[in-house]
């Protein structure tokens, strides 16, 4: 990153920290209007450093090799497709996948936050799915927290001699589940249970999301492995430039 | 067949099964969104019917809830954009590899 870019990221972090202290903090997608305004702003501000870093990271990757732009758009399109498919689950309700694992593995968590927020804005405005006021919270859970975990796992697992495709599967699978855990925590922070407090609330929300999401997370893992297999086969050069093979042999 | 091809086919079959099996095991359920289940849980915890303080902009603009069919239209548009991009580039990559293998 250049000096100017570093300054921007740093400034946004400072801004976040200041805002974090001044705030009186006491579903995949959280529904429009369901989070108190303070939380909406708080989560939104928390996303800023990641979005800024992501913007510069994408800019850098593309300026180094323009061919990676096609892979980036495919990773974005993957999020588009997977988050639009509502899949029935064993609990008798529907949910959808995140699709952010692929971007996180290939481009890192910050770049993925940009891909994620595009999809979330699309859904918030046109589909009344998620929402503009809850955009910050949803971006944090789906486009930052999940990808961070996926990225970390993908870096870690090959070092433990786990097969590359198995690592991809686990990274996408856990990343998807973690997104819903974060959503549960976010909802619980805004709506602590009167009897059991904050923890009881987290468990209640997890109880709603987790069983539904579990099979879908497996599905997301499988689909991510499939597209990675296709890319390994047909776009080896591009993903090699991105450092995909560096982590895992 | 190559080992990779077999893995891919097995994975695709598995993916389809995961998506379809709940339809047969959970006969008669509504398959509503888990997002809605989340808002019901909020009402249960707070003990009151929680009213969202902000309505989706699009619903405000058309003055009511988005009709179900139109909602699925938008979801299809989203899927279509995504699949289109992936298929277009994947097609190019596949043809490129064929061309290179020949050369």
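Chains as they are written, first to last, in our numbering: chain X, 1 to 249; chain V, 1001 to 1103. Beta carbons are placed, not taken as given, at the ideal position from N, Cα and C, and that holds for glycine. All figures in this text were calculated on a predicted structure; none of them were measured in a lab.
Residue-chain proximity (residue i, chain V), Cβ-Cβ < 8 Å
i: residue 245 (chain X); result: no
i: residue 225 (chain X); result: yes
i: residue 102 (chain X); result: no
i: residue 149 (chain X); result: no
i: residue 235 (chain X); result: yes
i: residue 39 (chain X); result: no
i: residue 248 (chain X); result: Annotation note: pLDDT 49 at residue 248 (chain X) (below 50); position unreliable, no value reported.
i: residue 230 (chain X); result: yes
i: residue 7 (chain X); result: no
i: residue 173 (chain X); result: no
i: residue 58 (chain X); result: no
i: residue 49 (chain X); result: no
i: residue 222 (chain X); result: yes
i: residue 133 (chain X); result: yes
i: residue 208 (chain X); result: yes
Distance between residue j and residue i (C-alpha atoms, nearest Å)
i: residue 1072 (chain V); j: residue 186 (chain X); result: 28 Å
i: residue 239 (chain X); j: residue 198 (chain X); result: 43 Å
i: residue 31 (chain X); j: residue 118 (chain X); result: 17 Å
i: residue 1131 (chain V); j: residue 192 (chain X); result: Chain V is shown only over 1001 to 1103; residue 1131 (chain V) falls outside these bounds and no answer can be derived.
i: residue 1002 (chain V); j: residue 1009 (chain V); result: 11 Å
i: residue 97 (chain X); j: residue 120 (chain X); result: 13 Å
i: residue 215 (chain X); j: residue 176 (chain X); result: 11 Å
i: residue 29 (chain X); j: residue 130 (chain X); result: 5 Å
i: residue 106 (chain X); j: residue 34 (chain X); result: 33 Å
i: residue 160 (chain X); j: residue 54 (chain X); result: 28 Å
i: residue 1064 (chain V); j: residue 1080 (chain V); result: 26 Å
i: residue 22 (chain X); j: residue 9 (chain X); result: Low local confidence applies: a pLDDT of 48 at residue 22 (chain X) is under 50, so the model's placement there is unreliable, with the coordinate-based value given in what follows. Looking at the two C-alpha atoms, the distance is approximately 20 Å.
i: residue 167 (chain X); j: residue 88 (chain X); result: 26 Å
i: residue 72 (chain X); j: residue 204 (chain X); result: 37 Å
i: residue 181 (chain X); j: residue 1101 (chain V); result: 46 Å
i: residue 1098 (chain V); j: residue 244 (chain X); result: 23 Å
Chain X within 8 Å of residue i, Cβ atoms only
i: residue 1105 (chain V); result: There is no way to answer for residue 1105 (chain V), as the model of chain V reaches only from 1001 to 1103.
i: residue 1068 (chain V); result: no
i: residue 1055 (chain V); result: yes
i: residue 1103 (chain V); result: no
i: residue 1004 (chain V); result: yes
i: residue 1018 (chain V); result: yes
i: residue 1001 (chain V); result: no
i: residue 1012 (chain V); result: yes
i: residue 1062 (chain V); result: no
i: residue 1085 (chain V); result: yes
i: residue 1009 (chain V); result: no
Within 8 Å, strictly: CB atoms of residue i and residue j
i: residue 108 (chain X); j: residue 151 (chain X); result: yes
i: residue 1016 (chain V); j: residue 81 (chain X); result: no
i: residue 125 (chain X); j: residue 1075 (chain V); result: no
i: residue 102 (chain X); j: residue 227 (chain X); result: yes
i: residue 271 (chain X); j: residue 111 (chain X); result: Because chain X spans 1 through 249 in this model, residue 271 (chain X) falls outside it and cannot be assessed.
i: residue 1150 (chain V); j: residue 84 (chain X); result: Because chain V is modelled from 1001 through 1103, residue 1150 (chain V) falls outside the range shown and cannot be assessed.
i: residue 146 (chain X); j: residue 178 (chain X); result: yes
i: residue 78 (chain X); j: residue 48 (chain X); result: no
i: residue 173 (chain X); j: residue 217 (chain X); result: yes
Sheet register partners of residue i (DSSP bridge)
i: residue 88 (chain X); result: X:94
i: residue 193 (chain X); result: X:197
Opening and closing residue of the alpha helix (DSSP H) in which residue i lies
i: residue 1104 (chain V); result: Residue 1104 (chain V) cannot be examined here, being either before or after the span of chain V that is shown, 1001 to 1103.
i: residue 229 (chain X); result: 197-234
i: residue 43 (chain X); result: 37-64
i: residue 107 (chain X); result: 100-107
i: residue 1019 (chain V); result: 1003-1025
i: residue 146 (chain X); result: 146-156
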